[in-house]
Structure formats: structure tokens, C-alpha cells
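Engineer: Residue numbers (numbering that gives the first Met the number 0), protein chains in the order written: chain A, 0 to 341; chain B, 0 to 341.
The C-beta atom is built at its ideal place from N, Cα and C for all residues, glycine as well.
There are 2 protein chains.
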Amino acid sequence: MSNKKVSIYDIADYLGIASSTVSRALNDHARISEKTKEEVRRVAKVLGFEKNHLATGLITNQSLTIGVVVPAVNRNFFASAITGIEKIASENGYTVLICQSHDLYDREVELFDTLIANRVDGIIVSLAINTEQFDHFRKARDTGIPLVFFDRVCDEIEDTFKIVVKDFEGAYLGTSHLAEQGFKRIAHIAGYQSQKIFRDRLAGYKQALLDANLPYDEKLVKYCQLTTEDGTGIAEELLQHPPGPDAFFCANNLTAISAMAYALNHHIKVPQEMGIVGFSEETVSSLLKPSVTSVRQPCEEMGTLAAQKLLEEINQEPAGQLDFKEIALSTELIVRESSTPH
Amino acid sequence: MSNKKVSIYDIADYLGIASSTVSRALNDHARISEKTKEEVRRVAKVLGFEKNHLATGLITNQSLTIGVVVPAVNRNFFASAITGIEKIASENGYTVLICQSHDLYDREVELFDTLIANRVDGIIVSLAINTEQFDHFRKARDTGIPLVFFDRVCDEIEDTFKIVVKDFEGAYLGTSHLAEQGFKRIAHIAGYQSQKIFRDRLAGYKQALLDANLPYDEKLVKYCQLTTEDGTGIAEELLQHPPGPDAFFCANNLTAISAMAYALNHHIKVPQEMGIVGFSEETVSSLLKPSVTSVRQPCEEMGTLAAQKLLEEINQEPAGQLDFKEIALSTELIVRESSTPH
DNA sequence: TTGTAAGCGTTATCAG
DNA sequence: CTGATAACGCTTACAA
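Given below as C-alpha cells:
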């Protein structure tokens, strides 16, 4: 195991030229002869040279790396968004550092420190569910590291791109659909209201009830972390004592799936006796029996957009005034079996 | 936006001491007075100092970063394994660079180059489904970067830890179970045989048939990439023309779920008319109706083990002879509704 | 206990 | 078109 790394000096020595020439040749500099370039590349290959990005980053003050911090990678939404981010990043020569906060504020802060220490050129983040302090974001910004929020954004930090979907609209669509299908007592499995997206979804739900002339019953709204277990627990709680709800509008899809599973396991027919609509798709949404109606988010597009905006900010020429703003993409209701009894 | 980063020199100047003292203080060096350490830490905080890992890595020749290359992060198995890896890594002060090959050989090679260029201290990898050349692994090894394979391992590279499960055993368990439940024509949705794990699963399936006195019918074995679409397509193909199979043993869980969905959508009762067993769990396996029997792999444990072995190799003192080998963990059959008609 | 100075592998700035 | 040489921010002998 020849632990020795080969450097541009080794190539320079080998060819009897200067290291700076090697560097330029390797970077395809304009004023280097084709012949030299070819020789350098050949020798580089022979010697097994691999450029050291650490050294490059140290001098150029850019690592060509961007950090991504999400709650968890095993949710369809985040996995797809990451795929979008990776696409744009790699097209532009950037590497992506993917990190999971596991929905823990402390871990998120830690990750930010690590990313800053690793001198990433920018960070794309979707907040942990209990993040209510924002100094780590400010620190990154003050260190000159561009930031883009997506999905779970942070309103307290301004002058930053925020990529979201029209949560109000999506929730309104999903809830209205249930009402149209004849469901009368529509429960809402909601996210904690510290996150704007969950406030918006609740608001959309309420507005839809109002417009459908259905009463708003706060006992039918339950706030949680939106885990699988939460879905099961809330379904159990609400369905135990009649009159329970006859439908669930869920703020994510994990809870939609687990609430539905609870119902089915307790011999409640979906959709005949119980309607289900989720927010955001999982891979299995269409495969479940019954298949799950859900509000589709343009996951991958959110990722590509976030990455584009981040690169825009990273590469802005002077103190070029960027038009920072929140960009809200449209949602789409995918109607399936779980909400259509007729 | 004060794009200027603050360095140890700024702290040194501020306090009128030497930069080396600052460096030592920050690293909690033994021979620095407590008072100095405290002052340095205080000023570092005030000035907003963040150590530059690039510079540190350049000189210490280690980045305290390990790379992970997996086919995709949105599968339960990989997400869990990554969680295990992250746990061990962060306990030991390492950052994890997660990369997706998207099951493309070319992308995998690319990622290896990037990781090497970023001077990761080691790489944990599960092969892309069509990886059949191994020079990128050899290059990493020759560059002195320790490698650990897990799940989809590479037999051609020796002297490397390989973390797998007992695939033969798992497939044997799953298939035998179907046979015991009275299923007679058990089909196998198999992975491409270029991967050892899929050869082993096929072998376990065959042996189980043999031991159950069931004939082996090669028409009931279908090779594919194991995507959701593959599961649906194969179910359709096999079920269209009688006599079709009366059970599916699937080499992963996505195909188990999608094959089951196909059956249900075509009014084939699971498990009464069709048994289903998958390999490796998805989050929804237990939530589906019927719930899906599957061979459970110790996903997270595979991750922790892989990370431990990697760190062992990274930190081995002299050319300390490590006992490289393949470590095969046990599987467990989780019996649920999809395979138990009685 | 602290300071001085060399060096990690690149790129950038001058010259030539 | 190419070559010296300084610099990036940190660690680490070696000196004091």
C-alpha cells in the first residue's frame, strides 16, 4: 500500500518542467502548448496523480462542495429533492455533502459547524422539526456562506432564497376533495405549528372546511411529529370514542399510510367508511391497497431550483443585487382510491 | 456580508501572542496554560472563528471525512445502514460524505474520483447494480484509501472487509416458509447474477425447493434490476398465462410490494391465492394490507460494523496486520399476513 | 509555557 | 508559452 500521494511536483520533476506549468496544463490553461498539456496529462495518468482538492480549496477559497441538511434521507420527498440538487450540482462541477439532522435541532447546529469547517461554498437546508433558534443560520450567512431554504423554511432569516410549495393551496385542495366526496367529519393530522409549512397546511384545511360549510372542530386536529407511530396513535385515539372522524387529511404521507393501516386493521373500510388524503407522495402511495390520494409536491424540481438559486448566489459577480424571495411552486392533487367511495 | 474568514492569526494578533500558541490552545494541547486556552477560546468565539479543515487536512494528511457510496438513499435498507455509519463516524469525529450512484457504474467511478480528490480517509461502498469492472476500487486502494464493502460486495478485491448478510440462509428461510404454508409453484424475482448477493439468494431459493421436494422450474425465475416497475411487469408476465405461480419469493422488498399490488389489483387474493415474501424490509412492510412477510436484515448493524471496520483500518498503528474478511450477519424471517393463508 | 519558522499541495502574480 | 516565488491557514519540530 503505497500511501504516498503523488503531487504536481512529481510530474514536474519527471518532465523537468515547473510545477506551475503542470498546474496550468492540468487546468487546461489557454497559454500552455498542446504538446505540454498532453505530456502532462499522460504522465499524470502514469503516475496515478489525483489532484488534492484540499490544497486547491485552501488557495482558491472555494471547495466546489455544497452542503445539504435535511431531516432524513429515507423519505421520498427528501430523496427526490436531493436527486434534483445532485443533478444541478454535478452539472456545475460541485460535489454534494448530504447530512441528516434526524429532526434534532442540536444535530442540525452541529452539522452546520462541520459544514462551515469544511468550507462548503453554500448550504441548502430544510429545518429540523424542532428548530426554533436560528443563530447557526446567521453564523453561516455572516461567514459568507450562501444559504437556501427549502420545504421547511425559516422566515426569520431574510435575504435568502426559500423554495416552498403552496401549502395552503395544497391543503385546501385535499380537504375540499374530501368534502366533495361527502365526508363530513374530516380530521387533520397536523405538524407542529412552529413550522410555517404546517401552519399553512392547517390554514388551508380550515378554509376548505369553511367553504364547504363544514364546522371546524378543534378536537379533530392533532399536532405531532408526523412519524409513522404518530399516525397510528392519533388514528387510535380519534377512532376509539364515537363520534370519530370519517376522514383524515394528513400533513404528510407517512401518517396517512399509518392511519389508513390502523383503520383497515380495525375493520373500517377505506374509502367507504373512512376517507384518507395525504400530503406529499411516497413511492408506495400508488401501490397500497387502497391506493392513497395525495397532494403531490414537485420534489425534484424543488431540489433543482434550490441548487440553481444557491449557485446563482455563490457565483454572483460583484455584490450583484439578487432578488431574494420565497418561490412557491404549485401542488397537484392525485386522486386515488383512498378518498373516492363512489 | 463580511466574506473575510477569520484565521488563527487574527486571534493571535488580537491577543498579541503567536499563532502556534493559538493553534495549540484550540487543540487543547497539554503544555498550554489554562488561562491562555480560555482567552483564546473566548476571542475565537467573539471573532467568529471557524477552523479551516482544508488547511488542517492538507498538513495532517487526513480529512476526518469518510465517503459512502450507495445506489440510492431512499431505500430503507441503505438509509438505515447510513444511519449506522453516521453514528459511529460522528462518535469518532468523522464527517460522512453520502453519495448516490443511482445504480450507474459510470457515476460510481466518477464519485470515487471525487472522493479521492477530496481526500476522504476511507470509503464504504455498496456496488451499483451493473458494476463489473473494479479499477476504481483498486485505484482507491493503491492511493492508500481504505475500503469497506457492504451488501453488494466485490469479491474480486481482496484484503478488504466485506459486510454482508447470510443471503443463502435468508432466501432459504423465506422460500421454505412459503413451501411449508402449502404453496407449490413459487416464483423468484431475482437480481442480476453479476452480484454475488443475488446469486446466493437464488441458490438459497433453489435449495429450499429441493428440500421441500418441489420441482425447480426456470420459467418461474425472472432476473431484473429489482425496481418497482420490474415487480409489476414480472407479476403481469407470469400471471397472465396459466399455470402461473402461486407465490413470489422476491430478492428485495420493492418488487414484493409491487408484485403484491399487481395481484391485488387483478383480484387475486393475497395470501389465500398468492403468497408473497420479500427480502429486506421497507418502512411500510408492516403497514401494508396484507402486511408483507420478509427476511429482515440487520441494516443499521451492517452500517455500524462497516464503519467500525473502516475506522479500524484507517487507524491501524503500524502496517498492523488486520484480519480482513467477509463478515456475514444473520437474517431473520418476519412472518406476516402476505404468506400465511391459514 | 510560548515563539519561530518550515511545510502541506495547490494557484496566482510577476517576470522572462 | 514557461518559470520562480509567494501565499492560502494550519500544524509541528525546534528553540527559547
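Rounded to the nearest angstrom, what separates K34(A) and K44(A) at their Cα positions?
Structural biologist: Straight-line Cα distance between these residues: approximately 16 Å.
Engineer: Quick one: Cα of P297(B) to Cα of N75(B), how far?
Structural biologist: C-alpha separation (whole angstroms): 11 Å.
Engineer: Going by other Cβ atoms of all chains shown within 10 Å of its Cβ, with 16 needed for buried, is Q349(A) buried or exposed?
Structural biologist: Given a span of 0 to 341 for chain A in the structure shown, any question on residue 349(A) remains unanswerable.
Engineer: Under a CB-based cut-off of 9 Å, is R118(A) close to chain B?
Structural biologist: Yes - at least one Cβ of chain B is within 9 Å of the one on R118(A).
Engineer: With H, G and I counted as helix, E and B as strand and the rest as coil, what does DSSP make of L328(A)?
Structural biologist: Here L328(A) sits in strand by DSSP.
Engineer: For A260(B) and chain A, any beta-carbon pair shorter than 9 Å?
Structural biologist: Yes, A260(B) lies at the interface with chain A (some Cβ there is under 9 Å from its Cβ).
Engineer: According to DSSP, is G121(B) part of a helix, a strand, or is it coil?
Structural biologist: Strand, per DSSP.
Engineer: Mind checking I58(A): buried by the 16 CB within 10 Å criterion, or exposed?
Structural biologist: Under this definition I58(A) is an exposed residue.
Engineer: Specify the secondary structure class of S378(A) as computed by DSSP and reduced to three states.
Structural biologist: Shown here, chain A extends from 0 to 341; a query on residue 378(A) therefore has no answer.
Engineer: Which same chain residues, not among the five before or five after A258(B), have their C-beta less than 6 Å away from its C-beta?
Structural biologist: So the qualifying residues of the chain are G230, A234, F247.
Engineer: What number of angstroms, rounded off, separates the C-alpha of F48(A) from the C-alpha of V5(A)?
Structural biologist: Straight-line Cα distance between these residues: approximately 5 Å.
Engineer: Within a Cβ cutoff of 8 Å, which residues of the same chain sit near Y13(B), ignoring the five residues on either side of it in sequence?
Structural biologist: Closer than 8 Å at Cβ, skipping near neighbours: V42, L46.
Engineer: Would you grab the beta carbon distance between Y204(A) and H187(A) for me? Rounded to a whole angstrom, and I think it's under 8 Å.
Structural biologist: The pair is a contact, with the Cβ atoms about 5 Å apart (cut-off 8 Å).
Engineer: Quick check on the burial criterion: 16 or more other C-beta atoms within 10 angstroms. Buried or exposed for F323(A)?
Structural biologist: Burial call: exposed.
Engineer: Checking 9 Å against the spacing of the C-beta atoms, do E280(A) and I333(A) come in under that value?
Structural biologist: Yes. Within cutoff.
Engineer: Put I196(B) into one of helix, strand or coil per three-state DSSP.
Structural biologist: DSSP places I196(B) in helix when its eight states are reduced to three.
Engineer: When DSSP labels each residue in this structure, what does Q315(A) get in the three-state scheme?
Structural biologist: It is coil, neither helix nor strand.
Engineer: Compute the distance between the beta-carbons of I81(A) and I97(A), then report whether it is under 9 Å.
Structural biologist: A contact, by the Cβ cut-off of 9 Å.
Engineer: Give the residues of chain B in contact with A78(A), contact being defined as C-beta atoms less than 8 Å apart.
Structural biologist: By Cβ distance, chain B contributes A71, V72, N73.
Engineer: Measuring alpha carbon to alpha carbon, tell me which of N212(B), L213(B), G232(B), D154(B) ends up nearest K195(B).
Structural biologist: It is D154(B) whose Cα lies nearest to the Cα of K195(B).
Engineer: Does DSSP put T113(A) in a helix, in a strand, or in coil?
Structural biologist: Looking at T113(A) - three-state DSSP - the assignment turns out to be helix.
Engineer: My parser needs the beta strand (DSSP E) runs of 3 or more residues fully inside the stretch 123-211 of chain B; what are they?
Structural biologist: Counting only runs of 3 or more, we get 146-149, 160-164, 185-190.
Engineer: Looking at the strands, I want to know which residues DSSP matches up with T64(A).
Structural biologist: Bridge partners of T64(A): T94(A).
Engineer: Please list the terminal residues of the continuous beta strand (DSSP E) segment that includes I275(A).
Structural biologist: Residues 274-278.
Engineer: Given that a residue counts as buried once 16 or more other Cβ atoms are within 10 Å of its Cβ, and exposed if not, what is A17(A)?
Structural biologist: Answer is exposed; the Cβ neighbour count stays below 16.
Engineer: Less than 9 Å between CB atoms is the rule here; does N91(A) satisfy it with respect to chain B?
Structural biologist: So no, N91(A) is outside the interface.
Engineer: So Q192(A) contacts chain B; which residues on that side make the cut at Cβ distance below 7 Å?
Structural biologist: What Q192(A) touches in chain B: nothing, since even the nearest Cβ is about 26 Å away.
Engineer: Going by other Cβ atoms of all chains shown within 10 Å of its Cβ, with 16 needed for buried, is K161(A) buried or exposed?
Structural biologist: Under this definition K161(A) is a buried residue.
Engineer: Which residue comes first and which comes last in the alpha helix (DSSP H) that contains A234(A)?
Structural biologist: First-last of the alpha helix (DSSP H) with A234(A): 227-239.
Engineer: Hey, is R310(A)'s beta-carbon within less than 9 Å of any beta-carbon in chain B?
Structural biologist: It is worth fixing the name first, because residue 310(A) is Leu in this sequence and not Arg. Not one chain B Cβ lies under 9 Å of L310(A).
Engineer: State the Cα-Cα distance for the pair Q307(A) and F148(A), rounded to the nearest angstrom.
Structural biologist: If I take the Cα positions, the gap works out to 12 Å.
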